[in-house]
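This report refers to the structure that appears directly beneath it.
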Amino acid sequence: MTILGWRNIPNIRYGFGQKTALMPVALSPYRETMPEKKQVHGIRVVDVTIPNQECGECDALYTSQPNILLTILTADCLPVIFSRQDGKAIAVAHAGWRGLIDGVLEQVAKRISQDDDISQWMAAIGPSAGACCYEVDERLVERFHQALPYESALISPRFRHLDLVAIAQAKLRGIGFAHVENLSECTICTQEHQHEAINYFRYTSFRRNAHRREREPEHHGIKGRNQYSGLIILP
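Here's what the structure looks like:
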């Protein structure tokens, strides 16, 4: 039976970071258990069995062990989290445009399928570049059209814009996940309306930062300020 909503999954905590809390508050107490890894926009999935595990170059993690915080870092790429409906196994994936084309979500599903039935799992997509702002060149849009079997309007609802969230949702549903939740806001344009500063943006964005640095070369970069997204199985 499908559990409707991530809030109903037992024994896990999850969260998506933002500028004021790069590590989500709900996950901060478990930070010291995070595995070490280097994200490379690839499709390698690593099984995590111990806290602080050295994982090398990878863009997805999987575990059925409690008390190990799985996270990925993003600025505009998609953070995707996965959980078994009973909260007994979890996974995370870093899915930028390269990862979506090359199959990082499919690789996570392949790993899950070694132990389980995908229909017992749920997925959620966190804050990432939205179709409203994610403008690319025509060659990249055409590459997506050639690589993926989806309608043109789903891939690119506006000229030279990609809808990475819709693409990821289509992939995850097609793979057979029981429930796919869209928890995303656009990292490029979403503003923090409760902040006193004018045009204070809620998320760190590589794309927005790069555009500003083109206008103002002295403006600082975002190195070290990417958002953490992830989840943990509680004992």
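In this note's numbering, the protein residues as written are 105 to 339. Virtual Cβ for every residue (Gly too), placed ideally from N, Cα, C.
{"Asked": "Proximity of Q211 and A272 at Cβ, strictly below 8 Å", "Found": "no"}
{"Asked": "Buried or exposed (CB count within 10 angstroms, at least 16 for buried), Q349", "Found": "This structure cannot speak to residue 349, because the chain is shown only from 105 to 339."}
{"Asked": "Opposing strand residues paired with K142 [DSSP bridges]", "Found": "E161"}
{"Asked": "G325 at chain B interface by Cβ criterion, 8 Å", "Found": "Of the protein chains in the structure, only one exists, and it is not chain B."}
{"Asked": "Beta carbon of A233 nearer than 8 Å to that of D180", "Found": "yes"}
{"Asked": "Residues of its chain near R111, where Cβ-Cβ distance is below 6 Å and the 5 sequence neighbours each way are ignored", "Found": "none"}
{"Asked": "Alpha carbon of E390 to alpha carbon of R264, nearest angstrom", "Found": "Residue numbering for the chain in the displayed model covers 105 to 339; residue 390 lies beyond these limits and cannot be assessed."}
{"Asked": "Closest by C-alpha distance to V144, when choosing among D206, T167, R277, A125", "Found": "D206"}
{"Asked": "Distance between K123 and D267 (C-alpha atoms, nearest Å)", "Found": "23 Å"}
{"Asked": "Range covered by the beta strand (DSSP E) that runs through N286", "Found": "283–286"}
{"Asked": "Status (buried if at least 16 other CB within 10 Å, exposed otherwise) for T153", "Found": "exposed"}
{"Asked": "Runs of beta strand (DSSP E) wholly within the segment 240–294 (minimum 3 residues, chain order)", "Found": "283–286"}
{"Asked": "Run of the beta strand (DSSP E) containing D151, from where it starts to where it stops", "Found": "149–151"}
{"Asked": "Rounded C-alpha distance that separates G328 from I279", "Found": "34 Å"}
{"Asked": "CA-to-CA distance, T308 to L204, given in whole angstroms", "Found": "21 Å"}
{"Asked": "Assigned secondary structure, A314 (DSSP; H/G/I helix, E/B strand, else coil)", "Found": "helix"}
{"Asked": "N- and C-terminal bounds of the beta strand (DSSP E) containing S187", "Found": "182–188"}
{"Asked": "Pairwise C-alpha distance: L173 and T137", "Found": "6 Å"}
{"Asked": "Cβ neighbour criterion (16 or more within 10 Å) applied to R243", "Found": "exposed"}
{"Asked": "Proximity winner among Y166, E239, A228, relative to Q218 (alpha-carbon distances)", "Found": "Y166"}
{"Asked": "Beta-ladder partner(s) of Y307, from DSSP", "Found": "DSSP output for Y307 lists no bridge partner at all."}
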